[in-house]
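Residue numbers (the numbering used here): 294 to 559.
Where a beta carbon is used, it is the ideal one built from N, C-alpha and C, also for glycine.
Below, the structure is given as structure tokens:
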């Protein structure tokens, strides 16, 4: 008999990536015992909440969640407040978290010209771990929309004057349009990549710089791959299905081409 969790993941892989968040919720309703495993294993478009203390928006994921509350990276407090004290990083890791949020806020503005970014760090036995979240949504019109969600989860294991970083990055892309002239189109998908690297460390500030370089390089590579795979392939398919030239002109060009080939053969 198939494992219920594997069956749920297999089902999600066959459904429209655009509806992943909704489908995960439905699966959690059908099989409540799988809720924690699904939320930890399946990447969904990031949610957005507002920090009551600072008034700034932040991104929600499983890494800053405690029950039905999410920790704000700006105030280090949970929204909505918890009845009991939630899990927060140590003082050293929290200082790195603050610096990382400042750095990626600049990165977000330079690369995305808008959107929202959030960085969360937590302690592990031989170092620290964390995630960098970036989200940009656009709605040029009521019938056109697009969103980019990138989730970068990493571990940093301390060594002598160096640190070993392991980065797992996920990009969720969703583009949609529904107009009278173009019709309905939905281009959705996700991409996952991993990389490991040893980098020199002088102090805690070096960790922020190293993580920033790794995330920047990974996003650049994934952005180029998405452009080639998604947009390039979609352009080829549309070009084969739909001709801009009238059919009569296309037939005339083909006939002229055949005549030239025949003349060369004679």
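Within this structure, are the beta carbons of residue 463 and residue 485 separated by less than 9 Å?
-> Mapped onto the chain shown, residue 463 falls at position 170. Mapped onto the chain shown, residue 485 falls at position 192. Contact flag set, yes.
Please determine, among 388, 343, 365, 480, the residue with the shortest C-alpha to C-alpha distance to residue 440.
-> Taking the first residue of the chain shown as position 1, residue 440 is located at position 147. Measuring from the Cα of residue 440, the nearest candidate turns out to be 480.
Among all the DSSP beta bridges, which residues are the ones paired with residue 421?
-> Counted from its first residue, the chain shown places residue 421 at position 128. DSSP output for residue 421 lists 416, 449 as bridge partner(s).
Residue 333 versus residue 355 - alpha carbon distance = Translated into the one-based positions of the chain shown, residue 333 becomes position 40. Translated into the one-based positions of the chain shown, residue 355 becomes position 62. Their Cα atoms are separated by approximately 6 Å.
Confirm, please, whether the CB-CB distance from residue 449 to residue 425 is below 9 Å.
-> Working through the chain shown from its first residue, we reach residue 425 at position 132. Working through the chain shown from its first residue, we reach residue 449 at position 156. Not a contact, by the Cβ cut-off of 9 Å.
Determine the DSSP secondary structure at residue 366, reduced to helix, strand or coil.
-> Locating residue 366 in the chain shown gives position 73, counting from the first residue. Reduced to three states, the DSSP call for residue 366 is coil.
Which of the three DSSP states, helix, strand or coil, is assigned to residue 508?
-> Residue mapping note: residue 508 aligns to position 215 of the chain shown, counting from 1. Reduced to three states, the DSSP call for residue 508 is helix.
Out of curiosity, what's the CA-to-CA distance linking residue 478 and residue 525?
-> Translated into positions along the chain shown, residue 478 becomes position 185. Translated into positions along the chain shown, residue 525 becomes position 232. Looking at the two C-alpha atoms, the distance is approximately 15 Å.
Locate the alpha helix (DSSP H) running through residue 301, then write down its first and last residues.
-> As a position in the chain shown, residue 301 is number 8, starting the count at 1. It spans 297 to 307 - the alpha helix (DSSP H) in which residue 301 sits, taken as one unbroken run.
Does the separation of the CB atoms of residue 483 and residue 465 fall below 9 Å?
-> Position 190 of the chain shown holds residue 483. Position 172 of the chain shown holds residue 465. Taking the C-beta atoms as reference points, residue 465 is found nearer than 9 Å to residue 483.
Short check: CB of residue 313 to CB of residue 341, under 9 Å?
-> If you number the chain shown from 1, residue 313 lands on position 20. If you number the chain shown from 1, residue 341 lands on position 48. Not a contact, by the Cβ cut-off of 9 Å.
Taking just the CA atoms, how far does residue 369 sit from residue 344?
-> Taking the first residue of the chain shown as position 1, residue 344 is located at position 51. Taking the first residue of the chain shown as position 1, residue 369 is located at position 76. Near 10 Å, if we compare the C-alpha coordinates of residue 369 and residue 344.
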